[in-house]
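Visitor:
Protein chains in written order, with the working numbering: chain F, 1 to 244; chain E, 1 to 261.
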């Protein structure tokens with residue numbers, strides 16, 4: 001395996017209510033790998049993303065881009081982890097898109113010229129070039145989702161982690177996002193129920209259930225295994241189900 | 001969902017829109033200050049302000065109906081005070097009515113006072129309205145930042161503006177979901193309680209959203225310090241505009257002085 005960008009060893013987290021959310025999650029993601037994280041509702045997928053970003057006090061070993069996650073390194077970890085939340089209204093909090101995309105690079109301490117370059121570059125990458133002055137509430141859902149992606153792209157993270165990126169998107173906006181993600185060279189971790197997206201974008205799939213990794217393998221094989229998927233509350237992706 | 005936006009017409013491209021936001025914000029403040037400082041109870045010093053605002057609105061293509069509607073919406077705040085004045089202010093009685101044991105007087109001084117205050121109110125409201133109608137909200141924020149308004153206030157306003165719509169959307173969705181199942185019958189207590197619950201749910205969701213927003217910010221390196229808003233440089237035309245506004249404000253004060261000696 002190539003250089004590892006993400007290492008998870010026996011990651012555990014229990015909600016304050018006592019419910020076990022993560023029950024010993026272990027897997028690695030190599031540089032440039034595109035991994036789809038799938039599983040039924042409540043499997044712990046989104047919780048795992050929050051744990052990786054250091055928002056939840058999880059036990060176990062988490063290492064992102066060479067930084068072992070501790071309370072004091074959470075900031076370094078987040079700098080290399082581009083986390084995009086499910087609801088772009090949470091992600092886009094500045095009055096103008098340009099300022100929002102600039103936020104990350106500014107907190108990295110970059111100079112104004114560099115920040116400007118990165119903003120233009122990131123907006124260009126998601127097909128929103130020239131949208132600097134638009135306010136988020138004037139964007140369509142698809143544009144918001146791509147804008148949210150731009151806000152982390154501008155930080156040039158080593159790994160992009162997306163939570164349900166196609167939720168609420170119409171087919172055209174979804175297709176557009178899919179093509180965008182396929183074209184990215186960076187390491188990708190996509191969480192979601194959109195198995196077709198994962199099949200098209202990711203080479204590898206990790207199936208989680210009840211806070212554990214239930215299966216891990218090439219996306220084409222794992223997502224074509226009807227018995228495996230159905231035993232974990234999932235279904236074959238529509239594109240494969242049609243063929244069967 | 002769509003809401004009446006504060007800066008509904010701010011996206012247009014007219015000479016008024018092209019002036020730097022900071023210049024416009026400062027000009028609006030100067031005009032409001034001069035208007036407020038006019039002593040009672042003349043109306044003449046307001047004339048140049050009204051004329052200038054009319055020209056500005058025409059150049060900025062702010063629709064008249066939009067202006068009147070917005071002014072009407074905010075007018076109750078002023079009306080509550082202004083409508084009582086003609087009856088309360090002592091002076092020469094111009095009209096009176098007998099209401100059984102009471103007699104109500106309307107005085108000339110009271111009328112003049114009411115007209116003066118009303119004019120003041122509408123001019124200040126119109127100034128703010130035209131600023132917002134020709135400047136995107138982020139431009140106003142930029143203007144405030146430029147005027148060295150403390151960053152926390154500017155940022156607070158930015159968040160308010162950003163999430164007010166999201167909150168309204170959320171509230172509207174909840175309300176619709178409730179109405180969709182409200183057959184309009186049954187004990188009023190049940191129906192009243194559902195309304196109270198709606199407010200509670202909205203509060204909880206706001207709380208959750210605040211946490212998610214914080215996470216999204218922290219994920220991008222937020223450490224409690226907020227970046228300064230970008231401020232564009234002022235150009236010659238902005239300086240001219242500002243100078244004109246300052247001259248107008250001075251003229252108003254001068255006129256006020258002449259009338260009172």
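Just so you know, even glycine gets a beta-carbon here, dropped at the ideal spot from N, CA and C.
It should be emphasised that the depicted structure is a prediction, and the values quoted were computed from it without experimental measurement.
#1: Beta carbons nearer than 7 Å to chain F: which residues of the stretch 5-24 of chain E have them?
#2: For residue 15(F), which three-state DSSP category applies?
#3: Helix, strand or coil for residue 70(F), going by three-state DSSP, please let me know.
#4: Would you kindly check if the distance between the Cβ of residue 138(E) and the Cβ of residue 171(F) is under 8 Å?
#5: Among residues of its own chain, excluding the 5 on either side of residue 76(F), which ones have a beta-carbon nearer than 8 Å to its beta-carbon?
#6: Near residue 242(E), what residues of its chain come up, given a Cβ to Cβ distance below 7 Å and the 5 sequence neighbours on each side ignored?
#7: Applying the 10 Å Cβ sphere with the 16-neighbour rule, what's the burial state of residue 155(F)?
#8: Note down, in chain order, each residue of its chain lying with its Cβ closer than 6 Å to the Cβ of residue 158(E), except the 5 sequence neighbours on either side.
#9: Measure the alpha-carbon distance for residue 29(E) versus residue 128(E) and round it to whole angstroms.
#10: When the Cβ atoms of the stretch 79-86 of chain F are set against those of the stretch 114-131 of chain F, are three or more pairs found closer than 8 Å?
#11: May I have the straight-line CA-CA distance separating residue 98(E) from residue 138(F), to the nearest angstrom?
#12: Going by the beta-carbon positions, is the gap between residue 27(F) and residue 201(F) smaller than 8 Å?
#13: Rounded to the nearest angstrom, what separates residue 200(E) and residue 208(E) at their Cα positions?
#14: Can you tell me the Cβ-Cβ gap for residue 47(F) and residue 37(F), rounded? I've got them flagged as a contact below 8 Å.
#15: Taking the beta carbon of residue 69(E) as the centre, do at least 16 other beta carbons fall within 10 Å, making it buried, or is it exposed?
#16: Below 7 Å between beta carbons is the criterion; list the residues of the stretch 141-158 of chain F that meet it against any residue of chain E, in chain order.
#17: Could you confirm whether any beta carbon from chain F is found closer than 8 Å to the beta carbon of residue 221(E)?
#18: Which of the three DSSP states is assigned to residue 106(F) in this structure?
#19: From this set, 20(E), 220(E) and 115(E), which residue's C-alpha is nearest residue 234(E)'s C-alpha?
#20: Mind reading off the beta-carbon distance from residue 219(F) to residue 205(F)? Whole number of angstroms is fine, and I expect it under 8 Å.
#21: Suppose contacts are defined by Cβ-Cβ distances below 8 Å. Is residue 62(F) in contact with residue 161(F) by that definition?
#22: Just verifying my parser: in three-state terms, what is the DSSP assignment at residue 96(E)?
#23: Beta-carbon within less than 7 Å of residue 101(F)'s beta-carbon, same chain only, minus the 5 sequence neighbours each way: which residues are those?
#24: Could you give the C-beta distance for residue 3(F) and residue 30(F), rounded to a whole number, given that I count them as a contact under 8 Å?
#25: Roughly how many whole angstroms lie between the Cα atoms of residue 80(F) and residue 10(F)?
#26: Can residue 107(E) and residue 16(E) be called in contact, C-beta distance under 8 Å?
#27: Mark residue 241(F) as exposed unless 16 or more other C-beta atoms lie within 10 angstroms of its C-beta, in which case mark it buried.
#28: Can you name the residues of chain F whose CB is closer than 8 Å to the CB of residue 137(E)?
#29: So residue 27(F) is in the beta strand (DSSP E); what residue range does that whole segment cover?
#30: At a Cβ threshold of 8 Å, is residue 161(E) touching chain F?
#31: Would you identify the three-state DSSP class for residue 26(E), choosing helix, strand or coil?
#32: By DSSP, does residue 1(E) sit in helix, in strand, or in coil?
#33: CA-CA distance, residue 222(E) and residue 215(E)?
#34: If we ignore side chains and look at the alpha-carbon of each, how far apart do residue 168(F) and residue 188(F) end up?
#35: Nearest by alpha-carbon distance to residue 208(F): which of 135(F), 15(F) and 41(F) is it?
#36: State the DSSP-derived secondary structure class of residue 165(F), mapped to helix, strand or coil.
Guide: Short version:
#1: none
#2: coil
#3: coil
#4: no
#5: 67
#6: A distance below 7 Å between beta-carbons, with the five flanking residues on each side excluded, links residue 242(E) to the following residues of its chain, in chain order: 23, 26 and 27.
#7: buried
#8: Cβ neighbours of residue 158(E) beyond the five flanking positions: 141.
#9: 9 Å
#10: no
#11: 57 Å
#12: no
#13: 12 Å
#14: Not a contact, Cβ separation roughly 11 Å.
#15: exposed
#16: 151, 152 and 155
#17: yes
#18: helix
#19: 20(E)
#20: Indeed they touch by this definition, with Cβ atoms about 4 Å apart.
#21: no
#22: strand
#23: 119, 122, 123, 150, 151 and 154
#24: 7 Å
#25: 21 Å
#26: no
#27: With fewer than 16 other Cβ atoms within 10 Å, it is exposed.
#28: 95 and 135
#29: Run containing residue 27(F): 20-30, per the beta strand (DSSP E) assignment.
#30: yes
#31: helix
#32: Note that residue 1(E) has pLDDT 43, beneath the 50 cutoff, so the model's placement of it is unreliable and the number below is only indicative. Reduced to three states, the DSSP call for residue 1(E) is coil.
#33: 9 Å
#34: 21 Å
#35: Closest by alpha carbon: 41(F).
#36: coil
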